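Per my numbering, the sequence shown runs over residues 26 to 79. Beneath this line is the structure, given in structure tokens, with notes to follow.
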Amino acid sequence: MPYTLRKQPRRGYKVCKKGTRKCFSKRALTKRMAIRQMRALYLSEHNKKKQSGG
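So this is what it looks like as structure tokens:
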């Protein structure tokens, strides 16, 4: 699942699914925190695939 950083008008970023409007935080984050959140999402996704045998 690809994710993207979206710049918010109120100073900050959100991590969202690419191609949809689904975002993973209610408030805007700093760029550093948004990148950390995106890494965590990719890691979580990778671990799910690993456990299911994919």
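Backbone N, C-alpha and C fix where the C-beta goes; we use that ideal spot for every residue, glycine too. Computed from a predicted structure; not experimentally measured.
Reference residue i; option with closest CA among the options
i, options, result
"residue 43", "56, 52, 63", "63"
"residue 36", "67, 74, 56", "56"
Short Cβ contact (9 angstroms threshold) for residue i with residue j
i, j, result
"residue 53", "residue 33", "yes"
Outcome for residue i when other beta-carbon atoms lying within 10 angstroms are tallied against a minimum of 16
i, result
"residue 28", "buried"
Close Cβ partners of residue i (< 7 angstroms) along its chain, the five nearest in sequence each way excluded
i, result
"residue 26", "42, 70"
Contact set for residue i: own chain, Cβ-Cβ below 6 angstroms, skip 5 residues either direction
i, result
"residue 59", "30, 38, 40"
"residue 50", "39"
Start-to-end residues for the beta strand (DSSP E) that takes in residue i
i, result
"residue 43", "No beta strand (DSSP E) holds residue 43; DSSP gives it neither H nor E."
Residue i, enclosing alpha helix (DSSP H) - first and last residue
i, result
"residue 30", "It is not in any alpha helix (DSSP H) - residue 30 instead sits in the beta strand (DSSP E) that spans 28-33."
"residue 52", "Looking at the DSSP string, residue 52 is not in any alpha helix (DSSP H), and its letter there is neither H nor E."
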